[in-house]
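Novice: Sequential numbering of the sequence shown, starting at 64, is according to the numbering used here.
Beta carbons are placed, not taken as given, at the ideal position from N, Cα and C, and that holds for glycine.
Keep in mind the model is a prediction, meaning the values are calculated, not measured.
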Amino acid sequence: MFNKKTAPLPPGKFRMGGTHFKNDKAFIRTAVRDVRRLVKYCDLNAESSLLDWGCGAGRLAVGVREEFGRIRDYHGVDIQPELIEWADANLAGEGFRFTCLDLSNERYNPDGSPERTLAAEPGSVDAFYAYSVFSHMNDDDTPAYLRLMGEALAPAGRALVTCFVEEDVAAWEENPQGYGPLEWKGPLHCTRFARLHFEDHVRSAGLAVDRFEYGRETDGQSLYVLRRG
Ligand SMILES: C[S@@+](CC[C@H](N)C(=O)[O-])C[C@H]1O[C@@H](n2cnc3c(N)ncnc32)[C@H](O)[C@@H]1O
């Protein structure tokens, strides 16, 4: 069991997803906020199997530890070995595990394999979390990973995901100029979907939208709660 007071937080250089996460209090606060939203929207509880897809160095694991101590299975998956090595050395333990996959993403692991997997058994995931992952993903990987998400979810499972979506824009665009709070630079810094296009991907993956909240997440992303359709 982790000790809330002494368990370390990832060093600043390993905190993905925005400068606000460099602040320890904000890092923990957003993690706890998201665990509470998983409880509310995805029925997360102490008996759940939770897949944290694109977990970085384990921000959500810190929130699970704060709120629950532990749950049945927290599984963090990412494609950046140095982040997973840190998480594995510092946050893994009873109920907490991490997996590094050498898969391709033009921003985070351009030389990785073009294969796609979530490292999850079909029908095994009660709560799926993907915060700021589809915000850095091309328009081929996105529908493919949504399909894998649909397969991985348990029948009553739910997914909380964030992404950039807008009405009346191109179906998919990389680093749209003048959009959002940052000047986007480099491969897949910001990937934006037309809302209908993203929701077409959702439906084609055998998923349905349970909840949509526009524009209140990191850098103006929107929040979706998805379930099996
Ligand atoms: C902006 S970070 C968000 C980190 C974390 N979800 C958070 O909110 O603190 C996006 C993460 O997604 C990971 N990622 C991108 N493509 C992935 C894939 N195909 N499988 C697993 N992780 C992926 C990246 O390596 C990166 O750590």
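Would you say the beta carbon of D87 is closer than 6 Å to some non-hydrogen atom of ligand 1?
Specialist: If you number the sequence shown from 1, residue 87 lands on position 24. Because no heavy atom of ligand 1 lies under 6 Å away, the Cβ of D87 does not count as near it: no.
Novice: If you draw a straight line from the C-alpha of V95 to the C-alpha of P173, how long is it?
Specialist: The residue given as residue 95 occupies position 32 in the sequence shown. The residue given as residue 173 occupies position 110 in the sequence shown. C-alpha separation (whole angstroms): 31 Å.
Novice: So within the stretch 96-162, which uninterrupted beta strand (DSSP E) runs reach at least 3 residues, ignoring any that extend past its ends?
Specialist: If we require 3 residues or more, the beta strand (DSSP E) runs fully inside the stretch 96-162 come out as 112-116, 136-141.
Novice: Reducing DSSP to helix, strand and coil, say where P173 ends up.
Specialist: If you number the sequence shown from 1, residue 173 lands on position 110. Three-state DSSP puts P173 in coil, outside helix and strand.
Novice: Comparing the CB of Q143 with every heavy atom of ligand 2, is any distance shorter than 6 Å?
Specialist: For the structure depicted, ligand 2 is absent and the ligand set comprises only ligand 1.
Novice: Measuring CB to CB, does D123 end up less than 7 Å from Y171?
Specialist: For the purposes of this step, residue 123 is taken as the residue at position 60 of the sequence shown. For the purposes of this step, residue 171 is taken as the residue at position 108 of the sequence shown. In the sequence as displayed, the identity of residue 123 is Leu instead of Asp. The answer is no: Cβ separation not under 7 Å.
Novice: Flag this pair as touching only if the stretch 229-241 and the stretch 173-188 have three or more C-beta atom pairs under 8 Å; answer yes or no.
Specialist: Short answer: they don't touch.
Novice: Hey, is the stretch 116-136 in contact with the stretch 147-161, meaning 3+ C-beta pairs nearer than 8 Å?
Specialist: Contact holds: three or more Cβ-Cβ distances are below 8 Å.
Novice: Are the stretch 232-248 and the stretch 274-286 touching by the rule of at least three beta carbon pairs closer than 8 Å?
Specialist: yes
Novice: Sort A215, V224, A109, P73 by Cα distance to G269 and report the nearest one.
Specialist: Translated into positions along the sequence shown, residue 269 becomes position 206. The residue with the shortest Cα to Cα distance from G269 is A215.
Novice: Looking only at C-alpha atoms, which of D97, I147, H138, G117 sits nearest to P73?
Specialist: One-based indexing of the sequence shown puts residue 73 at position 10. Among D97, I147, H138, G117, the Cα nearest to that of P73 is on I147.
Novice: Three or more C-beta pairs closer than 8 Å, one from the stretch 129-137 and one from the stretch 92-107: is that the case here?
Specialist: For the pair of segments examined, the stretch 129-137 was found to touch the stretch 92-107: the number of CB pairs separated by less than 8 Å reaches three.
Novice: Could you spell out the range, first to last residue, of the beta strand (DSSP E) harbouring R273?
Specialist: As a first step, residue 273 must be located in the sequence shown, where it is residue number 210. A small correction: the amino acid at residue 273 is Asp; Arg does not occupy that position in the sequence shown. Counting along the chain, the beta strand (DSSP E) containing D273 begins and ends at 270-276.
Novice: To which residues of the same chain is N238 closer than 6 Å at the C-beta, ignoring the five residues directly before and after it?
Specialist: Mapped onto the sequence shown, residue 238 falls at position 175. Excluding sequence neighbours, N238 sits near W247, H252, C253.
Novice: With a cut-off of 8 Å on the beta carbons, I'd call S267 and P185 a contact; round off their distance for me.
Specialist: The sequence position of residue 267 within the sequence shown is 204, counting from 1. The sequence position of residue 185 within the sequence shown is 122, counting from 1. S267 to P185, Cβ: 18 Å. No contact.
Novice: Any heavy atom of ligand 1 closer than 6 Å to the CB of Y137?
Specialist: Counting from 1 along the sequence shown, the entry for residue 137 is found at position 74. Answer for Y137: no, Cβ out of range of ligand 1.
Novice: Applying the criterion that 16 or more other CB atoms from any shown protein chain within 10 Å of the CB defines a buried residue, is T82 buried or exposed?
Specialist: Looking up residue 82 in the sequence shown gives position 19. Exposed, because fewer than 16 other Cβ atoms sit within 10 Å of the Cβ of T82.
Novice: What number of angstroms, rounded off, separates the C-alpha of T225 from the C-alpha of D115?
Specialist: The residue labelled residue 225 in the question sits at position 162 within the sequence shown. The residue labelled residue 115 in the question sits at position 52 within the sequence shown. Taking the straight line from one Cα to the other gives about 13 Å.
Novice: Is the beta carbon of G139 sitting closer than 7 Å to the one on C118?
Specialist: Position 76 of the sequence shown, counted from the first residue, corresponds to residue 139. Position 55 of the sequence shown, counted from the first residue, corresponds to residue 118. The Cβ atoms of G139 and C118 sit closer than 7 Å to each other.
Novice: Kindly list the residues whose CB is nearer than 8 Å to the CB of N308, restricted to its own chain and excluding five residues on each side of it in sequence; keep chain order.
Specialist: The requested residue 308 does not occur in the structure, where the chain is confined to residues 64 to 292.
Novice: On a Cα-Cα basis, can you pick out the residue from F77, N86, L209, E145 that is closest to V288?
Specialist: The sequence position of residue 288 within the sequence shown is 225, counting from 1. Of the listed residues, the one whose Cα sits closest to V288 is L209.
Novice: Contact check, E110 vs R135 under 8 Å by CB: the rounded distance?
Specialist: Position 47 of the sequence shown, counting from 1, holds the residue named residue 110. Position 72 of the sequence shown, counting from 1, holds the residue named residue 135. The Cβ separation is near 5 Å, so the contact holds.
Novice: Quick one: is R99 buried, meaning 16 or more other Cβ sit within 10 Å of its Cβ, or exposed?
Specialist: Sequence index remark: in the sequence shown, residue 99 carries index 36 (1-based). Burial call: exposed.
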